[in-house]
Amino acid sequence: MVPEGLCRCGALKQLNLSCNRLITLPDAIHLLEGLDQLDLRNNPELVMPPKPSEASKATSLEFYNIDFSLQTQLRLAGAAVPPSMPTSATPKDSTARKIRLRRGPRSEGDQDAAKVLKGMKDVAKDKDNEAGALPEDGKPESLKPKRWDESLEKPQLDYSKFFEKDDGQLPGLTIWEIENFLPNKIEEVVHGKFYEGDCYIVLKTKFDDLGLLDWEIFFWIGNEATLDKRACAAIHAVNLRNFLGARCRTIREEQGDESEEFLALFETEVIYIEGGRTATGFYTIEEMIHITRLYLVHAYGATIHLEPVAPVVASLDPRHAFVLDLGTHIYIWLGERSKNTLNSKARLMAEKISKTERKNKCEIQLERQGEESPEFWLGLEMSPEEGAAAEAPKEHVPDDYQPVQPRLYQVQLGMGYLELPQVELPEQKLCHTLLNSKHVYILDCYTDLFVWFGKKSTRLVRAAAVKLSRELFNMMDRPEYALVMRVPEGNEMQIFRTKFAGWDEVMAVDFTRTAKSVAKTGANLTQWARQQETRTDLAALFMPRQSAMPLAEAEQLEEEWNYDLEMMEAFVLENKKFVRLPEEELGRFYTGECYVFLCRYCIPIEEPENGTEDGANPAADDSKSSANNQPEDEIQCVVYFWQGRNAGNMGWLTFTFTLQKKFKAMFGEELEVVRIFQQQENLKFMSHFKRKFIIHTGKRKDKALMPKGKAPVEFFHLRSNGGALTTRLIQINPDAVHLNSAFCYILHVPFETEDDSQSGIVYVWIGSKSCNEEAKLVQDIAEQMFNSPWVSLQILNEGDEPENFFWVALGGRKTYDTDAEYMDYTRLFRCSNERGYYTVAEKCADFCQDDLADDDIMILDNGEHVFLWMGPRCSEVEVKLAYKSAQVYIQHMRIKQPERPRKLFLTMKNKESRRFTKCFHGWSAFKVYL
């Protein structure tokens, strides 16, 4: 037999298996597409395996254990499911189908008999109607007197404030927790995990044999639950039954005494968690206090260990990975020389901690050495400035680093005294099978001390173990970050489990087995795959598009912000130092330069309305005292650092160590520094230029020349994304294909002169579909930019272009777009899994080319096409998930906008088409990172 692992060599070109007495070959031999030569001579008993059938072309809903169906994603996003969307079909009865097949098709005689029977029923019904009229409810009035409780009128209760319309309408499991007297639905991720201080309502929805909905209702009572939670769980369980119109009874389940029917609802074992998560009407549940801890990730056989270290910068080592646990956030710090296997396992461990201990509400973030975020430094109790200025981590962890061998003790009660014998380890391996539910154990790891309580242990032994753990902890000199932690059975934390060999490994993968071989053992792979819940967030795909800011609102904001602006000083980087920017260049930026703007705002404080008392004379007040009591205006100082697309980071470093220190000495703590990049400016900064924001290509002092020594043609495009405040005039490549009837352009054609006089002609091209405000604005900008007697200015309407200079300067007349309808539909989404799970987030309407990140995948919608843009450093998993997300988005838009069907296209960096690049203002070559 040939091992199946041989077929995993994708680069295999030649395979010689002659004269080996082979009987058969693995089925995967057909999947070696690169195999050029296969020699199977002199194998008389060889039987070739059948070629595997082609995969079904039907779209599968399950993809990476994620249900990408539109109905499921809309429900997860909290959006309304359109009524035109097909609902889940009723399961077919296989037994009834077999009976119909055996019976065969109906004969004509059977059909005639059915018609006769129906006619007889109609005649009998007509006779009953003629005999006596029935009441409105269709039931004959009974002569028997009614009971007292039947004559009472039941009030019409409204259950919509407790439950949603979709509850109980789809097969599956739904759980509510009681919080402040009301039921609160919980996520599927935490199904089967119950807090001992809470109560829950569990609804099981299924189809019966007739294809109708059937329900089972349970309410679970925790041992430590308060009286109001117990009562509300029972009351709302009955309300749920009345809301569904179910005939089943509500079943009470208590902690530790659950029925087999209740435990069978969950695919995994039920887990109890100490304390209560929800608030009650009588008591306030305090949030858990998390202690900041820093762990060193190191290999331990096939798994990893997390050893706690001091939470300081000096503990970091560039050869290792570290995990910083802040409770609600987990940061994974990767050294520049850390191993990739440990990095991936550390991330999986962090995801498991978030899933099992933090209810999937913990955010996970990767931090690479030299690229740490400010939040990471704050977690280490350092300011971002101190962290950036700190020395690079040094190598201090020994190459043969081995943690202290843990010791396991069992707490026992002797004849009037306590015993603490050490447990013998078989083969010197610490296995979780050594833990017995009837006993209590203490695990001493030197840096941490764990007290493990078995479910069946007595209270006396537990109390004794707590006292012994304190004494044992104080017997040795331990680090300041060492802790004593209690671990109940069934709720062991991941840090505790990693101390034991083979207990719930992070990457428990056997690469020698295949899915087919595992299926032969009787394992249900489909059920196992459903248990592996994968968290995703696609809600941004179903949110409505951000509407453009109205012109009146933009003008009002611009007026208010400029009214508060008292002074603005501009500086530009020149010869490695910042000098004042000439006033005539204010509002004109260059892609290769860095600018600094010092803005001082005077914000008036609203005076309180003080009324005068009756009989008081306001004129008698002293004028001097009233003048002194007037509140002074609030002064704010903001420094904006603007960096062009082609400018290096040297400008930011120069500003940090020179100009910023001077400003801080002048204004102190009131100074705010904002770093902004080209075409990513905030609205308040752009409002100070009053829509005259010009971006040139290159640098200020460098005069660009053509290959023949001629001055180049300058071509500018005026456009606003998302509102009038984001209006920019950006220099683009002079080509007629970039023209559009909905925009305005400026074309500068220089003349050849012997002297240095900048003479030429300037064309202001106004599209036939452009608005009047932009037409007036582009004329004002052109007059200010080219205010020279040697330059002539001409206003051109679309269609009145001269042939001599205009089209020649643009490389000849070419076909261009006559409308910009895509501006009303353009949306940009970012697909990433940097948070530890797959998410889709939408960029703002004022997006630019620099928003296309190399390590992510972007989804662009222009109203006609949906583009899937792939970064050069994106992962294969992100590619597949983004492709499914784009398909879900297209399905959603077909329902929302059926008149605009969209097609999906794939594009890559530096291979974008004109249909893609026209959605970005000022598209040019990508920035090259050195």
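In terms of my numbering, the sequence shown opens at residue 89 and continues consecutively. We put the CB at the ideal spot given by N, CA and C, even for glycine.
Which residues in the same chain as residue i place their Cβ atom closer than 8 Å to its Cβ, once the five residues preceding and following it in sequence are excluded?
i, result
"D868", "K780"
"Y971", "L956"
"F630", "Q161, L162, A165, A167 and H980"
"R425", "P406 and R407"
"K101", "G122, L123, D124 and Q125"
"E758", "I723, Q724 and C725"
"L994", "F955, L956 and M958"
"E861", "L639 and A812"
"M470", "V401 and A478"
"N998", "F1014"
Are the Cβ atoms of residue i and residue j separated by less than 8 Å?
i, j, result
"D127", "N104", "yes"
"M731", "C932", "Met is not the amino acid found at residue 731; the sequence shown has Gln there. Against a cut-off of 8 Å, the Cβ pair of C932 and Q731 comes out as no contact."
"V837", "L881", "no"
"F777", "G848", "no"
"P576", "F541", "yes"
"H953", "R901", "no"
"H826", "I834", "no"
"K292", "W308", "no"
"L898", "D823", "yes"
"H324", "F410", "no"
"E886", "W895", "no"
"P396", "T535", "yes"
"Y683", "A658", "yes"
"I359", "C336", "no"
"C936", "Q768", "yes"
Identify which residue in the options has its Cα closest to the Cα of residue i.
i, options, result
"E342", "F331, C336 and A321", "A321"
"S775", "Y651, L835 and Q159", "Y651"
"R129", "V135, S106 and P138", "S106"
"A478", "G458, Q490 and V492", "G458"
"D413", "A398, P114, K427 and G423", "A398"
"N131", "L119, T112 and P138", "T112"
"M655", "R495, C687 and F935", "C687"
"E760", "D296, Q767, K749 and F282", "K749"
"G739", "E559, E802 and K665", "K665"
"N663", "D790, L639 and E284", "D790"
"I377", "C859, G415 and F745", "G415"
"V400", "K433, I418 and G475", "G475"
"I583", "H527, I392, R623 and P670", "I392"
"A929", "R566, W649 and I945", "I945"
"A589", "N524, K517 and E559", "K517"
Among the residues of its own chain, which have a CB less than 7 Å from the CB of residue i, if the five just before and after it don't count?
i, result
"A99", "G122"
"D286", "E265, I266, G310, A313, K317, G364, R365 and T366"
"H279", "L261, I263 and F354"
"E681", "V660, L661, G732, A735, K787 and R788"
"Y489", "H386"
"P692", "D721"
Take residue i and list the residues in its own chain whose beta-carbon comes closer than 6 Å to its own, dropping the five residues that flank it on each side.
i, result
"F773", "Y728"
"V572", "L537, S557 and F561"
"T914", "N950 and C1007"
"T679", "G732, R733, N734 and T785"
"L506", "A552"
"E276", "none"
"E473", "none"
"W421", "F410 and E455"
"K294", "P259 and D302"
For this session: Write down every uninterrupted run of the beta strand (DSSP E) in the region 719–792 whose length is 3 residues or greater and which is fully enclosed by it, in chain order.
Result: 722–731, 759–765 and 782–784
Exercise. What are the complete alpha helix (DSSP H) segments, minimum 4 residues, inside the region 935–982?
Worked result: Counting only unbroken stretches of 4 or more residues, no alpha helix (DSSP H) element lies wholly within the region 935–982.
Exercise. Does the region 999–1012 touch the region 904–916, meaning 3 or more C-beta pairs lie closer than 8 Å?
Worked result: Result yes; three or more Cβ-Cβ pairs closer than 8 Å.
For this session: Could you tell me which uninterrupted beta strand (DSSP E) segments, each at least 3 residues in length, are contained entirely in the region 836–914, listed from first to last along the chain?
Result: DSSP runs (the beta strand (DSSP E)) wholly in the region 836–914: 848–854 and 879–885.
Exercise. Which ranges does the beta strand (DSSP E) cover as unbroken runs of at least 3 residues, wholly within the region 424–510, from first to last along the chain?
Worked result: Inside the region 424–510, DSSP marks whole beta strand (DSSP E) runs of 3 or more residues at positions 451–456 and 495–501, from first to last along the chain.
For this session: Report yes or no: do the region 460–467 and the region 431–448 share at least 3 C-beta pairs separated by less than 8 Å?
Result: At 8 Å Cβ cutoff, the stretches do not touch.
For this session: For the region 493–500 and the region 544–560, state whether three or more C-beta atom pairs, one from each stretch, are separated by less than 8 Å.
Result: Touching, per the Cβ criterion.
For this session: Answer yes if the region 932–942 comes into contact with the region 977–996, meaning at least three C-beta pairs across the two stretches below 8 Å, and no otherwise.
Result: no
Problem set entry | Any alpha helix (DSSP H) of 4 or more consecutive residues that is wholly inside the region 610–690 | 613–619 and 639–652
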